[in-house]
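K.L.:
The sequence shown begins at 13 in this note's numbering and counts up by one. Please see the structure below; I have some questions.
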Amino acid sequence: MIEAHVVNTRNKHLYEREFEEFLRRRHDYYAVANRWVPISDDGLELDPFDTPDSTYLLGMLEGRVVTSARLMPTTVPNLVSEEFPHMCENIGLPRSPEWADWTRTYVLPEYRGVGATGILGQMFCAVMEYCLDEGVTHTGGVLQQFLLKRWLDLGWKVIPAGMPRILSGDWCLVAYVEVSEVALQSGRIHAGIERSLIVRRGAQLPFITQDQASRAGAFS
């Protein structure tokens, strides 16, 4: 079972080795394996949304970063708002501190399994747990369509923001899940999780800050 370490600007110095490993594995997955982003000379994958507003969950197992997630408020520029706003035609573009943009989730090839009980299901539940702790009501973003089944397998309520489209050869869409205690417990049951997965070390930055709350616009 993974431990999902919460990393933000206040405690990032405690995770220098792990964070570099995370960026290298991101590069392997997004740049080398899938060619979704350009290959970097230094072997690290960074994009415009790796900002002080981002919170990372690093899924650790046996001392390695085997899975991950990046979360950021939808009140600041994020992947959906800057690159895929046209894919939110059903509900409009979320702009609320309680709605989190969720990106950069991968699983190392040797840890990929089938079904809800694998590492991916554990990371999904860690994201749900963190969001519930932080007062987030919805989380999601642009994702490959097959991942919707993974969410549904956990018993989660899914809100498609728009119609699927082909992006880089894959059917993708923008979708969100409702965050709730019921969803967390359902996910844990389906994923075979009996304890908290979240680990917090050092100073913590609240996901919803007063500044973000003042920028809230619900939808646009």
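Here a beta-carbon is modelled for each residue, glycine too, at the ideal position from N, C-alpha and C. A quick note: this is a predicted structure, and the numbers were derived from the prediction, not measured.
1. So what does E15 bridge to, in DSSP terms?
2. In whole angstroms, give me the CA-to-CA distance for D59 and V78.
3. With H, G and I counted as helix, E and B as strand and the rest as coil, what does DSSP make of F136?
4. Flag this pair as yes or no: are the beta carbons of M99 and G174 separated by less than 8 Å?
5. Enumerate in chain order the residues of its own chain whose CB-to-CB distance from Y123 is below 6 Å, with the five nearest sequence positions on each side excluded.
6. By DSSP, does G223 sit in helix, in strand, or in coil?
7. Report the CB separation of L91 from T115 in whole angstroms; it is logged as a contact under 8 Å.
8. Rounded to whole angstroms, what is the Cα-Cα separation between G75 and E101?
9. Going along the chain, which unbroken runs of the alpha helix (DSSP H) with 4 or more residues stay wholly within the stretch 134-176?
10. Use the C-beta contact count for G181: other C-beta atoms within 10 angstroms, 16 or more gives buried, fewer gives exposed.
11. For W163, count neighbouring C-beta atoms within 10 Å of its own C-beta (all shown protein chains included) and say buried if the count is 16 or more, exposed if not.
12. Would you mind working out which of F61, R38, P64 and D62 sits nearest S9, comparing C-alpha positions?
13. Hey, out of T87, R82 and G214, whose CA is closest to M140's CA?
14. Quick one: residues in its chain with C-beta nearer than 8 Å to the C-beta of S198, no 5 flanking neighbours on either side, listed in chain order?
15. Whole-angstrom Cβ separation of C137 and R200, contact assumed at under 8 Å?
16. Taking A195 as part of the beta strand (DSSP E), name the residues at either end of that continuous run.
P.N.:
Result, derived from the coordinates:
1. Here residue 15 is taken as the residue at index 3 of the sequence shown, counted from 1. DSSP output for E15 lists M72 as bridge partner(s).
2. In the sequence shown, residue 59 corresponds to position 47, counting from 1. In the sequence shown, residue 78 corresponds to position 66, counting from 1. D59 and V78: Cα-Cα distance of roughly 20 Å.
3. Walking along the sequence shown from the start, residue 136 turns up at place 124. F136: helix per DSSP, three-state reduction.
4. Position 87 of the sequence shown, counting from 1, holds the residue named residue 99. Position 162 of the sequence shown, counting from 1, holds the residue named residue 174. Yes, these two residues count as a Cβ contact at 8 Å.
5. Along the sequence shown, read from residue 1 onward, the residue named residue 123 stands at position 111. Here the set comprises V78 and I131.
6. Taking the sequence shown and counting its residues from 1, the one referred to as residue 223 is at position 211. First, the residue type needs correcting, since residue 223 is Asp and not Gly in the sequence shown. It is helical.
7. Translated into positions along the sequence shown, residue 91 becomes position 79. Translated into positions along the sequence shown, residue 115 becomes position 103. Between T115 and L91 the Cβ distance is about 5 Å, and since that is below 8 Å, they are a contact.
8. Numbered from its first residue, the sequence shown carries residue 75 at position 63. Numbered from its first residue, the sequence shown carries residue 101 at position 89. Their backbone Cα atoms lie some 42 Å apart in a straight line.
9. 158-165
10. In the sequence shown, counting from the first residue as 1, residue 181 sits at position 169. Exposed is the call here.
11. As a working mapping, residue 163 is identified with position 151 in the sequence shown. Buried, by the Cβ-count rule.
12. The question about residue 9 has no answer, for the chain in this structure spans 13 to 232.
13. Residue 140 sits at position 128 when you count from the first residue of the sequence shown. Answer by Cα proximity: R82.
14. Reading the sequence shown from its first residue, position 186 is the one you call residue 198. The answer, listed in chain order, is L166, G167 and W168.
15. Here residue 137 refers to the residue found at position 125 of the sequence shown. Here residue 200 refers to the residue found at position 188 of the sequence shown. Confirmed, about 6 Å.
16. Within the sequence shown, the letter at position 183 stands for residue 195. A195 -> not in any beta strand (DSSP E); alpha helix (DSSP H) instead, spanning E193 to A203.
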